[in-house]
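Enquirer:
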Amino acid sequence: MSSGPVSPALRHAGLNLKYASREEAEQIESDVFGFWVFLMSDAVIFALLFALFGTSLEATVGGPTLASVVKLAPAFIETALLLTSSFTFGMASIELKRTHKFTRRHRHRAVGWLLLTWALGIAFLGMEAHDFVTMAGEGAVPDRSFFLSAYTVLIGTHGLHVLTAVIWLPILLMQMYMFGLDRPLKVNLIRLSLFWHFLDIVWIAIFSIVFLQGAIR
Amino acid sequence: MITETHGIAHALLGNLTWAALPYVRAWRDPSLSEIIGAGAGSMVVLGAIALFALITWLGKWRYLWTEWFTTLDHKKLGIMYVLLAGVMLTRALIEAMLIRTQQATAINAPGLVEPGHFAQLFTTHGSIMVFFMAMPFLIGLINYVVPLQIGARDMAFPYLNSVGFWLTAAGSALMMASLTIGEFSTGGWSGYPPYTELAYSGGVGPDYWIWAVSLSSLGSMTVGINVACTIFKFRAPGMGFMRMPLFCWTSLCTAILMIFAMPPLTVVTLLLAGDRYLGMHFFTDGGGGNMMNYANMFWLFGHPEVYILILPAFGVFSEVISAFSSKELYGYTSLVLATTAIAVLSFTVWLHHFFTMGQGADVNAAFGIATMTIGIPTGVKIYDWIFTMFRGEVRFTPPMLFSIAFMMTFVIGGFTGIILATPPLDYMVHDTLFLVAHFHNMLIPGTLYGMIAGYMFWFPKAFGFRLNERWGRISFSCWAGGFFLAFFPLYVLGAAGMARRTQEVFDPAFRPWLYIALFGALVLFAGLASLFIQLYVSIRDRAENMVPIGDPWDARGLEWSVSAPPPEWNFAVIPHVGNRDAFYWRKRNHGAYVRADQYKDIELPKNLMCGPVIGVAAGLCCFGLIWHIWWIASLFAAASVLTVIARSFQRDTTRTIPAAEVEAVDRRWLAGAHASRPVPRQQEETSLNQGLAEGFEPDRAHGLA
Ligand SMILES: [Cu+2]
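Those protein sequence lines, which keep their order, are chains F and C.
Count the first sequence with full-length UniProt numbering and you get residues 1 to 217, in order.
Count the second sequence with full-length UniProt numbering and you get residues 1 to 705, in order.
(1) Could you give the DSSP three-state label for Thr643 (chain C): helix, strand or coil?
(2) Could you give the distance in angstroms between the alpha-carbon of Gln120 (chain C) and the alpha-carbon of Ser216 (chain C)?
(3) CB-CB under 7 Å to Lys587 (chain C), same chain, minus the five flanking residues each way: which ones, in chain order?
(4) Can you confirm whether the stretch 401-412 of chain C touches the stretch 432-450 of chain C when touching is taken to mean that 3 or more C-beta pairs between the two stretches lie within less than 8 Å?
(5) Would DSSP call Glu23 (chain F) helix, strand or coil?
(6) For Phe571 (chain C) and Ser30 (chain F), I'd like the C-alpha separation in whole angstroms.
(7) Could you pull the DSSP bridge partners for Met546 (chain C) from this structure?
(8) Just mark Leu16 (chain C) as buried or exposed, buried being the case when its beta carbon has 16 or more other beta carbons within 10 Å.
(9) Determine, using beta-carbon pairs with one atom in the stretch 126-133 of chain C and one in the stretch 91-105 of chain C, whether at least three such pairs fall under 8 Å.
(10) Would you say the beta carbon of Val349 (chain C) is closer than 7 Å to some non-hydrogen atom of ligand 1?
(11) Is Ile602 (chain C) helix, strand or coil by DSSP?
(12) So the candidates are C:Ser530, C:Ser334, C:His438 and C:Met498; which of them puts its Cα closest to the Cα of Pro398 (chain C)?
(13) Would you kindly check if the distance between the Cβ of Gly188 (chain C) and the Cβ of Thr123 (chain C) is under 8 Å?
(14) Return yes when at least one heavy atom of ligand 1 lies under 7 Å from the C-beta of Val306 (chain C), else no.
(15) Quick one: what does DSSP say Val577 (chain C) is sitting in, helix, strand or coil?
(16) Would a check of beta-carbon distances place Ser145 (chain F) closer than 8 Å to chain C?
(17) Using 8 Å as the threshold, is the stretch 199-215 of chain C in touch with the stretch 239-252 of chain C, meaning 3 or more CB pairs across them?
(18) Helix, strand or coil for Ile629 (chain C), going by three-state DSSP, please let me know.
(19) Does any residue of chain F have a CB that is nearer than 8 Å to the CB of Lys233 (chain C)?
(20) Under 7 Å, CB to CB, which of the residues in the stretch 302-322 of chain C have a partner in chain F?
(21) Taking 7 Å as the limit between beta carbons, can you name the residues of its chain near Tyr515 (chain C), skipping five residues before and five after?
(22) Can you pull the chain F residues whose beta carbon is under 9 Å from the beta carbon of Ile150 (chain C), in chain order?
(23) From C:Ile549, C:Met297, C:Phe118 and C:Gly191, pick the residue whose C-alpha is nearest to that of Met262 (chain C); which is it?
(24) State the CB to CB distance for the pair Leu218 (chain C) and Leu112 (chain C), rounded to an integer number of angstroms; the pair is presumed to be in contact (CB under 8 Å).
(25) Is the CB of Pro184 (chain F) under 8 Å away from at least one CB in chain C?
(26) Under 8 Å, CB to CB, which of the residues in the stretch 32-56 of chain F have a partner in chain C?
(27) Measuring only between beta-carbons, confirm whether Thr60 (chain F) sits less than 8 Å from chain C.
(28) Kindly examine ligand 1 and report whether one of its heavy atoms sits closer than 7 Å to the Cβ of His430 (chain C).
(29) So Thr654 (chain C) is in the beta strand (DSSP E); what residue range does that whole segment cover?
(30) I believe Leu493 (chain C) touches Trp513 (chain C) by the beta-carbon criterion, under 8 Å. Please report the beta-carbon distance rounded to the nearest angstrom.
(31) Helix, strand or coil for Ile374 (chain C) per DSSP?
(32) Alpha carbons only, please: which of F:Glu24, F:Phe33 and F:Phe38 is nearest the one belonging to Thr222 (chain C)?
(33) Tell me the rounded alpha-carbon separation between Ala9 (chain C) and Met498 (chain C).
(34) What is the DSSP secondary structure of Ala152 (chain C), reduced to helix, strand or coil?
(35) Tell me, please, which residues DSSP counts as bridged to Thr432 (chain C).
(36) Let's see if you can read the secondary structure: which residues bound the alpha helix (DSSP H) around Lys587 (chain C)?
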């Protein structure tokens with residue numbers, strides 16, 4: 001267990017982690033790997049909700065159908081917001097990774113990108129909430145039919161995940177000002193970025209399977 | 001049933017009324033059934049009060065809090081898991097006796113308990129045995145043993161480990177609370193809708209089930225992530241995958257199953273909650289709901305769950321049989337392949353739990369064949385274990401006896417499984433006691449025997465003294481004999497058409513079989529009682545049975561290479577591994593019990609109160625949800641989230657053990673090892689055994705070159 005510089009191969013993790021020792025590098029690998037495993041488990045939840053949604057399409061019991069509840073324009077804007085937020089988070093990650101010495105200037109840029117990401121996330125959630133309110137106004141409420149239950153839970157679960165990420169991000173920013181870029185913070189930033197991109201991927205599936213399907217029905 | 005309350009009382013207490021207390025119900029309606037319910041509730045309350053009083057009287061609160069509740073040490077968390085399993089096993093076994101008593105006394109008679117209570121009995125019995133006995137037991141063993149076996153200092157995520165335990169404990173607390181506040185579900189351990197929907201089960205019973213199971217499944221998911229990460233990332237240098245002890249392999253496969261099979265359970269319980277709380281229509285009769293979605297998703301969890309329960313026991317048996325046969329495991333590679341094959345196949349067979357629910361012959365045939373396929377890798381394992389014993393120096397210690405009984409009993413259960421896996425035959429016996437006999441025939445030997453064997457095998461490692469072997473044998477005889485008495489009659493009854501979950505029986509011909517089964521249940525309970533007596537006797541006589549050096553039975557894995565109990569940091573120096581059965585070869589090559597060249601400071605996680613705080617908050621939040629007390633639910637939901645957030649601000653999370661202290665402890669232990677007399681295996685059950693096993697040459701012993 002020698003300490004000292006670690007081969008570049010271990011510096012995979014997206015952020016430039018100035019390892020103190022091999023033990024620490026292994027610990028970070030495991031910390032990030034564990035989050036990947038969690039995401040896989042989470043992906044199973046979404047897979048099941050998609051399957052459930054698929055079986056619910058005809059179960060509208062005379063109420064609103066997929067074609068009648070889907071509005072492509074807001075969904076398109078939401079998609080744009082979320083994809084852009086993934087891009088801006090990517091820019092923040094690059095900013096954080098590039099810097100061997102994390103100067104004030106670099107921090108300002110990284111924080112700027114992260115704040116932009118956060119704003120986009122909030123805008124996404126706001127639009128989604130607005131969608132649900134509009135739907136409720138049209139009588140498309142979750143207790144109307146199996147289809148609307150499945151629709152609400154699939155999109156709502158994704159929304160709850162985004163909400164979690166939106167709460168998580170400012171907490172990490174606060175920690176950045178309190179502790180600087182220390183190891184726990186770096187690890188959590190890597191995890192949050194994974195989470196954010198994962199939610200993007202799930203959203204792309206939602207856009208294709210829910211909204212596009214609704215549009216062509 | 002719930003009486004709706006209104007106004008300020010409803011805001012404060014939700015649906016909670018006096019009628020929720022079993023004592024009040026027994027007072028209003030003093031029937032035997034209600035009195036039994038009130039008695040059970042009183043046992044919980046009095047037990048809790050007695051425990052609090054005892055701890056306060058002994059002045060042990062601070063000790064418990066600092067040494068146990070807030071610990072992040074995988075060993076202590078493992079012990080607490082096993083303790084929890086023991087408590088819940090006791091309750092669920094008492095319930096099993098009541099179930100048997102009811103059926104034996106209710107032949108054209110009302111019996112002891114009325115139908116609603118009987119339904120609660122079989123529901124809690126099943127839910128507890130699966131989620132709050134078997135799961136904590138196997139998680140406890142994995143927690144304790146795996147880091148020691150792979151040469152690690154702790155689990156990958158010690159904090160998550162503590163949170164997982166306290167979530168499971170909170171779920172168990174809800175199970176206990178249902179005895180004394182309100183009632184439990186009557187919908188069976190699988191909670192099938194539409195029966196568990198509001199329309200048919202209006203009370204709080206299904207809500208207790210939903211939230212207790214949700215907490216447990218969340219806890220198990222964290223365990224899966226933790227164990228998988230620990231084994232993937234923290235094996236000692238040289239410990240390649242094919243050098244891991246088999247218990248690590250089965251733990252790894254169990255962890256992977258938990259990662260992928262717990263989400264379906266979480267999804268179904270929460271969707272059922274959506275139906276019950278928000279009026280959704282996932283599984284309801286009306287509104288387009290489809291209960292087949294529930295059946296599919298529940299068993300998408302439920303069948304892998306069977307292997308989550310059984311694989312760790314397979315691992316224990318592999319370790320025990322190898323150690324007590326003084327031979328390396330026969331067919332290690334085939335055992336590994338069989339374990340992984342079982343893990344993969346377990347996701348392909350879920351439909352055999354509802355052959356009769358209308359999916360047609362072709363689908364049924366496909367799943368029937370897939371089910372039978374699992375018999376092949378399982379058979380491979382049985383042969384491997386038999387060949388491990390073949391020409392070995394077999395010692396019939398209690399864990400070994402359990403292993404042998406497992407092999408014989410489990411194979412019989414496998415045969416009846418083949419019967420049930422054949423759809424036309426399943427049509428004949430489904431939903432009868434035949435099925436009940438079958439899955440007990442798999443899970444009692446396949447899980448419980450393994451857990452008990454593991455508990456007896458590793459107990460000296462964890463506590464530094466051996467368990468009393470005589471009481472171990474007595475307990476074994478009760479378990480092994482009681483099993484056949486309690487469950488073989490159920491095969492007969494099931495084949496004769498007696499439906500499962502029957503509160504009253506109308507065919508007098510069933511009487512003798514039901515009597516035998518009841519007697520068997522009593523014998524099984526005697527088995528459990530003997531386990532407690534064994535524990536008591538062993539603690540009483542611990543001075544004579546000390547094994548501080550740590551290797552009482554010439555065993556083979558790294559966990560035996562450290563003192564008993566192991567130091568907090570497990571290994572003074574992380575070992576380098578060059579072989580399978582690492583410690584065994586080190587002993588033979590005179591590399592064991594040698595001083596390290598150099599000791600280093602060791603960093604360990606500090607104690608943390610977040611685990612118990614999150615557990616208590618999550619439990620209270622769920623309690624609020626169950627009783628529709630919204631302020632409690634939201635307050636404690638917020639409390640658990642805020643605890644997680646507050647923890648993320650904590651930076652000073654580790655403490656350092658100085659090298660000098662590590663060295664001093666290690667040297668003291670090594671001095672003990674050099675001063676002790678190695679014990680030959682003929683005397684290992686005597687007080688001569690100090691945990692230093694005499695080297696053993698199997699070849700010479702048999703005169704084989
Ligand atoms: Cu199954």
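Positions of the beta carbon are idealized from the N, C-alpha and C atoms, including for glycine.
Expert: Reading from the atomic positions:
(1) Taking the second sequence and counting its residues from 1, one reaches residue 643 (chain C) at position 643. Helix at Thr643 (chain C).
(2) For this step, residue 120 (chain C) is matched to residue 120 along the second sequence. For this step, residue 216 (chain C) is matched to residue 216 along the second sequence. Distance between the alpha carbons of Gln120 (chain C) and Ser216 (chain C): 19 Å.
(3) Residue numbering aside, residue 587 (chain C) sits at position 587 when the second sequence is read from its first letter. Cβ within range, chain order: Gly695.
(4) The answer is yes - the stretch 401-412 of chain C touches the stretch 432-450 of chain C, with three or more Cβ pairs under 8 Å.
(5) The sequence position of residue 23 (chain F) within the first sequence is 23, counting from 1. Three-state result, Glu23 (chain F): helix.
(6) As a working mapping, residue 571 (chain C) is identified with position 571 in the second sequence. As a working mapping, residue 30 (chain F) is identified with position 30 in the first sequence. Rounded to the nearest angstrom, the gap between the Cα atoms of Phe571 (chain C) and Ser30 (chain F) is 20 Å.
(7) Within the second sequence, the letter at position 546 stands for residue 546 (chain C). DSSP lists C:Phe465 as partners of Met546 (chain C).
(8) Within the second sequence, residue 16 (chain C) is the residue found at index 16, counting from 1. By the neighbour-count rule (16 or more Cβ atoms within 10 Å), Leu16 (chain C) is buried.
(9) Touching, yes.
(10) Translated into positions along the second sequence, residue 349 (chain C) becomes position 349. Answer for Val349 (chain C): yes, Cβ within range of ligand 1.
(11) Numbered from its first residue, the second sequence carries residue 602 (chain C) at position 602. Correct three-state label for Ile602 (chain C): strand.
(12) Position 398 of the second sequence, counted from the first residue, corresponds to residue 398 (chain C). Nearest option by C-alpha distance: C:Ser530.
(13) Stepping through the second sequence from its first residue, residue 123 (chain C) is reached at position 123. Stepping through the second sequence from its first residue, residue 188 (chain C) is reached at position 188. In contact: Thr123 (chain C) and Gly188 (chain C) (Cβ atoms closer than 8 Å).
(14) Position 306 of the second sequence, counted from the first residue, corresponds to residue 306 (chain C). Under cutoff, so the answer is yes.
(15) Taking the second sequence and counting its residues from 1, one reaches residue 577 (chain C) at position 577. In the structure shown, Val577 (chain C) sits in coil (DSSP, three-state: anything other than H, G, I, E or B).
(16) In the first sequence, counting from the first residue as 1, residue 145 (chain F) sits at position 145. For Ser145 (chain F), the answer is yes, since a Cβ of chain C falls inside 8 Å of its Cβ.
(17) The stretch 199-215 of chain C makes no contact with the stretch 239-252 of chain C, as fewer than three CB pairs between them are under 8 Å.
(18) As a position in the second sequence, residue 629 (chain C) is number 629, starting the count at 1. Three-state DSSP puts Ile629 (chain C) in coil, outside helix and strand.
(19) For this step, residue 233 (chain C) is matched to residue 233 along the second sequence. Chain F contact via Cβ: present.
(20) Against chain F - using a Cβ distance shorter than 7 Å - the stretch 302-322 of chain C contributes no residues.
(21) Position 515 of the second sequence holds residue 515 (chain C). Once the five neighbours on either side are set aside, the close Cβ partners of Tyr515 (chain C) are Ala104.
(22) Within the second sequence, numbered from 1, the residue matching residue 150 (chain C) stands at position 150. Contact annotation for Ile150 (chain C) against chain F: no contact, minimum CB-CB distance about 13 Å [criterion: below 9 Å].
(23) If you number the second sequence from 1, residue 262 (chain C) lands on position 262. Considering only alpha carbons, the answer is C:Met297.
(24) Counting from 1 along the second sequence, the entry for residue 218 (chain C) is found at position 218. Counting from 1 along the second sequence, the entry for residue 112 (chain C) is found at position 112. Contact flag wrong, Cβ pair sits at about 36 Å.
(25) Within the first sequence, the letter at position 184 stands for residue 184 (chain F). So yes, Pro184 (chain F) belongs to the interface.
(26) Within the stretch 32-56 of chain F, the residues whose Cβ lies closer than 8 Å to some Cβ of chain C are Phe33, Gly34, Val37, Phe38, Met40, Ser41, Asp42, Val44, Ile45, Leu48, Leu49, Leu52, Thr55 and Ser56, listed in chain order.
(27) One-based indexing of the first sequence puts residue 60 (chain F) at position 60. With 8 Å as the cut-off, Thr60 (chain F) counts as an interface residue toward chain C.
(28) Translated into positions along the second sequence, residue 430 (chain C) becomes position 430. For ligand 1, not one heavy atom lies less than 7 Å from the Cβ of His430 (chain C).
(29) The residue given as residue 654 (chain C) occupies position 654 in the second sequence. Annotation: the continuous beta strand (DSSP E) that includes Thr654 (chain C) extends over Thr654 to Ile657.
(30) Sequence index remark: in the second sequence, residue 493 (chain C) carries index 493 (1-based). Sequence index remark: in the second sequence, residue 513 (chain C) carries index 513 (1-based). The beta carbons of Leu493 (chain C) and Trp513 (chain C) sit about 5 Å from each other, so the pair counts as a contact at 8 Å.
(31) Here residue 374 (chain C) refers to the residue found at position 374 of the second sequence. Correct three-state label for Ile374 (chain C): coil.
(32) As a working mapping, residue 222 (chain C) is identified with position 222 in the second sequence. The shortest C-alpha separation from Thr222 (chain C) is found at F:Phe38.
(33) The sequence position of residue 9 (chain C) within the second sequence is 9, counting from 1. The sequence position of residue 498 (chain C) within the second sequence is 498, counting from 1. Approximately 47 Å, taken between the alpha carbons.
(34) Translated into positions along the second sequence, residue 152 (chain C) becomes position 152. In this structure, Ala152 (chain C) counts as coil in the three-state DSSP scheme.
(35) Looking up residue 432 (chain C) in the second sequence gives position 432. C:Ala499, per the DSSP bridge assignment.
(36) In the second sequence, counting from the first residue as 1, residue 587 (chain C) sits at position 587. Ala582 to Arg588 is the extent of the alpha helix (DSSP H) around Lys587 (chain C).
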